[in-house]
Amino acid sequence: MKHKNYDIVVIGAGPAGSVAARYAAEQGASVLMLERDREAGIPVRCAEGVSRNGIAPFIDINPKWIAATIDSACLHSPDGEQAYMYNNGTGYVLERRLFDTELCNLAITTGVEMLTKADAIGLEYSGEKITGVRFKHFGEIKIANCSIVIGADGVESRVGRWAGINTALALNDIDTCVQYTVSGIDFESDACHFYFGKKVSPGGYIWIFPKSGNTANIGIGISGDLAAEKGPKAYLDEFMKRTFPEAKVNYTVFGGVPTAWGLKEYIKDNIMLVGDAARQVNPITGGGIVQAMIAAGIAGQVAADSIKAGDQSKKFLLRYKKEWDSKLGKIQKTMYSMKERFMKMDDSKFNNLVRLCQSIPKEEFSLKKLFSVAMKGDPLLVAEIARAFVASKLK
Amino acid sequence: MIINRELCDICGSCVAVCPVDAISVSEFCVTINQDKCIECGNCQQICPARAISGAKK
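As given, the protein sequences belong to chains A and B, one line each in that order. The opening residue of the first sequence carries number 26 in this note's numbering; numbering runs sequentially from there. The opening residue of the second sequence carries number 501 in this note's numbering; numbering runs sequentially from there.
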């Protein structure tokens, strides 16, 4: 069996893995990144929407991986009304495959060693101490010895479980999702759309994110605890039949999106989890790319620091948690309690929300304006709206 | 629990909700360890592709 030694092994080459690996390598650590699939960025299981301000700290904006630029969001109420809102700052719909490839390239050019078709199958231990990662690579079982493992292996993460971390999600903390990439419709190229309602998408929403060349991602996420009788595809197919009967489906993808606030434990001696693996996703929107990159940037830096300090204890690595909590971790908990409130809201509240937004001309749309209108129209909604806006800014 | 591999999209949602870590996923397939499985049905309910069956309840 082949052994090689590294300071850090990162499992998974999505945005979380690539950023963690790069930030660690930038500080001089030797880093191996393992990708199970044949390349980073596939298959794309993502609606692909991000805020420009969210990704800009991590990558130079490049039109080659931008499919569309978004400046407004249109909310559709359960009773069929719609209201446009201008968001703070530009949004992008990405070409995730190219975006992930570029993040991966940035890691590699910083000195990260990457292996594709490298499927991690377990952790190596010396007594209780994690000493490396076992993985399959072209039919051969190999071992990479390391001082720190960073698990960036997505919603299906098993790295944490191997280390004795309970990553299991309750059914109300994960959305079950289907997305079609469709053509054959004239989509607005600069607006995304969101449809709400218990009959439309229980405990979640349907989204439309335009892409280039009159294609769009149309997807649905419904709360796992509400999916016993009817799955997301049945809801989405009804929507498509009702709304876009002429659409041609070019691509179908299924997936799960964590909607928890995070994990109680995601750091132990010699190991850290980042991104979807650590359930670092906005629980209201389901957006996780920016969260993953922020967490990974911190984790990569802390991993490199711990190598320099010669201390990979949980106590040292908890610097990652401390910084994450101060940047986003605490807001995640607020978002989560908002999510729980939204889940309990009946359709009439969503109808009200959309009507309040409607009463504001879209060029005059601002948080302040919405507040003043809402205070008169539905004061109880004000708190909910305010927090929803914070959520959309962080997406 | 039984996976219909013709329907499975290998998205890994089932892995995330398994309370006993009985499910593993590779590039090409999802596998349920029947010895560990407690047939709670979480994976069947979350599966967006409706590829899993066999829950007791």
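C-beta: ideal position from N, C-alpha, C; glycine also.
* To do: Determine, using beta carbons only, whether B:Gln545 comes closer than 8 Å to chain A.
  => yes
* To do: Output the distance between the C-alpha atoms of A:Lys142 and B:Phe528, rounded to the nearest integer angstrom.
  => 11 Å
* Asked: By a C-beta neighbour count over all protein chains shown, 10 Å radius and 16 as the cutoff for buried, is A:Leu59 buried or exposed?
  -> buried
* To do: Please report the residue range of the alpha helix (DSSP H) in which A:Gly423 lies.
  => In the structure as shown, chain A starts at 26 and stops at 420, and residue 423 of chain A therefore has no counterpart that could be examined.
* Asked: On the three-state DSSP scale, how would you describe A:Met265?
  -> helix
* Decide if A:Asp200 is buried, meaning its Cβ has at least 16 other Cβ atoms within 10 Å, or exposed. => buried
* Ordered list of beta strand (DSSP E) runs contained in the region 174-230 of chain A, each at least 3 residues -> Counting whole runs of 3 or more residues, the region 174-230 of chain A contains the beta strand (DSSP E) stretches 199-208, 216-220.
* Asked: Could one say the Cβ of B:Ala522 lies closer than 8 Å to chain A's Cβ atoms, at least one of them?
  -> In terms of beta-carbon proximity, B:Ala522 stays away from the interface with chain A, with every pair separated by 8 Å or more.
* To do: Whole angstroms is fine: what's the gap from A:Phe367's alpha carbon to A:Lys258's?
  => 22 Å
* Output yes if chain B places a C-beta closer than 8 Å to the C-beta of A:Val299; else output no. => no
* From the beta carbon of B:Gly554, is the nearest beta carbon of chain A less than 8 Å away? -> no
* **Contacts that B:Cys529 makes with chain A (C-beta to C-beta distance below 8 Å)** => Those do not exist, as B:Cys529 stays about 11 Å from chain A at its closest Cβ, beyond 8 Å.
* Asked: In whole angstroms, what separates the C-alpha of B:Glu539 from that of A:Ala253?
  -> 15 Å
* Asked: chain E beta carbons: is any one of them nearer than 8 Å to that of B:Cys511?
  -> Looking at the structure shown, chain E is missing, and the protein chains on hand are A and B.
* Spell out a yes or no on whether the region 518-528 of chain B and the region 540-548 of chain B are touching, meaning 3 or more CB-CB pairs, one atom from each, closer than 8 Å. => Contact holds: three or more Cβ-Cβ distances are below 8 Å.
* Of all the options A:Ile166, A:Gly313, A:Val327, A:Phe390, which has the alpha carbon lying nearest to the alpha carbon of A:Glu73? -> A:Gly313
* Assigned secondary structure, A:Thr134 (DSSP; H/G/I helix, E/B strand, else coil) -> helix
* Asked: For A:Arg61, which residues from the same chain have a beta carbon less than 6 Å from its beta carbon, with the 5 sequence-adjacent residues on both sides left out?
  -> Asp144
* To do: Note down, in chain order, every chain B residue with its Cβ under 9 Å from the Cβ of A:Pro283.
  => Ala516
* To do: Thinking A:Arg63 and A:Tyr117 are a contact (beta carbons under 8 Å), I'd like their distance in whole angstroms, please.
  => In fact, because the Cβ distance is near 26 Å, the residues do not count as touching under 8 Å.
* Compute the Euclidean distance between the alpha carbons of A:Leu100 and A:Gln107, then round it to the nearest angstrom. => 5 Å
* Starting from the beta carbon of B:Arg550, find every residue of chain A whose beta carbon is closer than 8 Å, and list them in chain order. => Gly256, Lys258
* Buried or exposed for A:Ser172, please, with buried defined as at least 16 other CB atoms from any protein chain shown within 10 angstroms of its CB. => buried
* Are A:Lys322 and A:Phe83 touching if we call contact CB-CB under 8 Å? -> The sequence shown places Gly at residue 322 of chain A, rather than the Lys named in the question. Cβ atoms of A:Gly322 and A:Phe83: closer than 8 Å.
* **Interface residues of the region 531-543 of chain B facing chain A [CB-CB below 9 Å]** => Gly541, Asn542
* Applying a beta-carbon distance threshold of less than 7 Å, which residues of chain B neighbour A:Ala253? -> Gln545
* Stretch-stretch touch, CB-based, cutoff 8 Å, three pairs: the region 289-304 of chain A with the region 174-192 of chain A -> Segments in contact, yes.
* chain B within 8 Å of A:Arg61, Cβ atoms only -> yes
* To do: Give me the Cα-Cα distance between A:Ile36 and A:Asn130, rounded to the nearest whole angstrom.
  => Spanning the two alpha carbons is a distance of roughly 16 Å.
* **Span separating the alpha-carbon of A:Asp104 from that of A:Lys352** => 38 Å
* So, using beta-carbon positions, are A:Tyr291 and A:Ile190 closer together than 8 Å? -> yes
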